[in-house]
Amino acid sequence: MKSVLVLMSLMLPWQSVWADDTDLLAACQRYLVAGGNPDLLTRETMEVLDTPDRDPVVVNKIIDRLSRSEPVDRQAVTGVMANQSFRHPDLMDRHTGDLLHFYVPQSYKPSQPFGLVIFMHGGGGQTPPEHALHIVTHPDDDPQSIGLQPYLADRPFILAAPSAPVNKNTGARWNVQGADESIADVIRECRFRFNIDGDRVFLGGYSMGGFGAYHLCQRLSDQLAGGFVFSGAWKTMRWQAWTGLPLFLRHGVYDAAPAKQNETAGRPRFTDVFYARAATQRLSELGLPHEYVEDEGNHAIRGAKVAMSRFADWIVTPRRDPFAKRVVAISPRGWNADSDAPSPHCRWITIHKSGDGTIEFDQVQITGPRPAFGESSEDFHKQSFHLSRRAVKAGLVDARIASDNHLVVETQNVRRFSVWLHPAMVDFSRPVNVSVNGQQSQHRIDCRLSTVLESYQRRKDWGLIYQAKVTLTVPSEE
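Numbering (my numbering), first residue to last: 51 to 528.
Listed below in structure tokens is the structure:
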């Protein structure tokens, strides 16, 4: 009965306009219920979805209706919401042991879209899920608060602090396999609870959460308006992956410190200031937008008041652009690109197959003894950091929308990829010219509902929808 009611709700709005098109809405809903699996759909449904040359205006209305059929439970709540379980009906069973903590400004009303700041906590393998509460509390009420809440109190943003994926064997829990899906579920849960502007979602973190920010922001860049890192570190990076995603960084000069002569413990160089300085250097060299605050502080975030104030100002402006003029897709990309899961999607590019070669990534190399808790002052001073390059089996597509229905694409170690298109990018009534590594081709574009729904299945994000695609094969360079 529930599925019947959902389908009826899709058909009731615009009944006079949709007299001939309710079958389109029903076919789309059946596709979504089937999870995009054509084996679970009838031939008639697939024929409806695969019909070419749909009117993009009609398709946009269908997309709007489908997006508004998502379940929501938006309540007029404000203040700190601690130790919250997932409530979205599709997510409750998947996150039974996970917690979320929120700070909702007094100005929030369910009728008004707010931005979203997802802050990943620090700690390690044993850190309990309740620990993330200190991210959303006020420092006057909580001695362990990180102190960010007052700076966001007058900003149109909801602050969310999820607990990290459970893994007691690592101190980088935001970087484990499945962390991408975990954060995507957090975004979905927030949209269920609150009226969230999907183009103003920011992701970042502190310490272990800073590791996760360097890793996940580049992997989820098309779902975000910006990323932020407080006292973090990274291992491998192809910085072009940050194209279209501005980054805010804060680091203390004295993040790491040697053990003192009286045997007082210092802090190892797990998150040495070198990581932020190297990131800023590479982003500057590539002309990619970022803001860096380096202060005289240590690893702790609570004293970084200048940085938190500037961060609260910084998040006001950036917005996600699904139709950005330039997109750089890299697969895989992340914390350890040699072993990271594939990351094929980035806005309007999907990498289907890479070659047998490699591309270069930056990495941080440490000489001397490895940083370790309990290390001697002598070992600390023997350590040094420098940037180097590393060959990784990965593929890269760098695509630009040029003038007059023309796309210019350069690839590295990619054999097949797709370009997803939308009327906001090109004129569907005319052929699209695509240049791939200097080789020209021309393509007739048609709008199909099957393509629309396929683009949704990539990220399950109704703000990241495209109406047509061109799949291209790149000749081997051998």
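We put the beta carbon where it would ideally sit given N, CA and C, even for glycine.
The alpha-carbon of G276 is positioned some 32 Å away from that of T523. About 17 Å separates the Cβ atoms of I515 and I246, ruling out a contact at the 8 Å cut-off.
Nearest Cα to W292 within the set G282, A329, D322 and R104: A329. The Cβ atoms of S359 and Y158 do not sit closer than 8 Å to each other. In the structure shown, K285 adopts coil according to DSSP, grouped into three states. The alpha carbon of L253 has as its nearest neighbour, out of R243, W289 and H265, the alpha carbon of H265. If you check the CB distance, R243 and R104 do not come in under 8 Å. Within the same chain, and ignoring the five residues on either side of S485 in sequence, the residues whose Cβ sits closer than 6 Å to its Cβ are V458. Under the DSSP definition of a beta bridge, K519 partners with W470. Of the candidates L90, I365 and R509, the residue whose Cα lies closest to the Cα of E341 is I365. Taking a C-beta distance under 8 Å as the contact criterion, V323 and D305 qualify as a contact pair.
Under the three-state reduction of DSSP output, N245 falls in the coil class, being neither helix nor strand. Proximity of the stretch 443 to 453 to the stretch 390 to 409 meets the contact definition, three or more beta-carbon pairs being nearer than 8 Å. CA-to-CA, the gap between R509 and R370 works out to about 14 Å. Annotation for F478: no beta strand (DSSP E) segment contains it, and DSSP assigns it neither H nor E. DSSP places H493 in the uninterrupted beta strand (DSSP E) bounded by Q489 to H493. In this structure the stretch 158 to 167 lies against the stretch 195 to 215, because at least three pairs of beta carbons, one per stretch, are closer than 8 Å.
Under DSSP, the beta-bridge partners assigned to K403 are R466. The Cβ atoms of N455 and V482 lie closer than 8 Å to each other.
A straight-line Cα-Cα distance of about 16 Å links A449 and K403. In summary, Q199 is buried, with 16 or more beta-carbon neighbours lying within 10 Å of its beta-carbon over all protein chains present.
Non-local beta-carbon contacts of I351 in its own chain, meaning distances under 6 Å to residues more than five positions away in sequence, involve I196, Y256 and F280 in chain order. In this model, G248 and D429 are separated by some 47 Å (Cα to Cα). According to DSSP, N483 shares a beta bridge with H456 and Q492.
In this structure, the alpha-carbon of S438 lies about 10 Å from that of I416. The beta-carbon separation of R300 and A387, rounded to 25 Å, does not stay under the 8 Å limit for a contact. Of all alpha-carbon atoms in L99, A326, R118 and G282, the one lying nearest the alpha-carbon of R498 is that of L99. The beta-carbon distance between A126 and P160, rounded to whole angstroms, is 6 Å. This is short enough to meet the 8 Å contact definition. Listed as beta-bridge partners of Q134 by DSSP are L150. In this structure, the CA atom of F136 is about 14 Å from the CA atom of E180. In this structure, the straight-line span from the alpha carbon of D511 to that of N87 is close to 18 Å. For the beta strand (DSSP E) assignment, the uninterrupted runs of no fewer than 3 residues enclosed by the stretch 274 to 338 are, from N- to C-terminal side, 276 to 280 and 297 to 302. Taking a 10 Å sphere around the C-beta of H138, we find 16 or more other C-beta atoms and assign the residue as buried.
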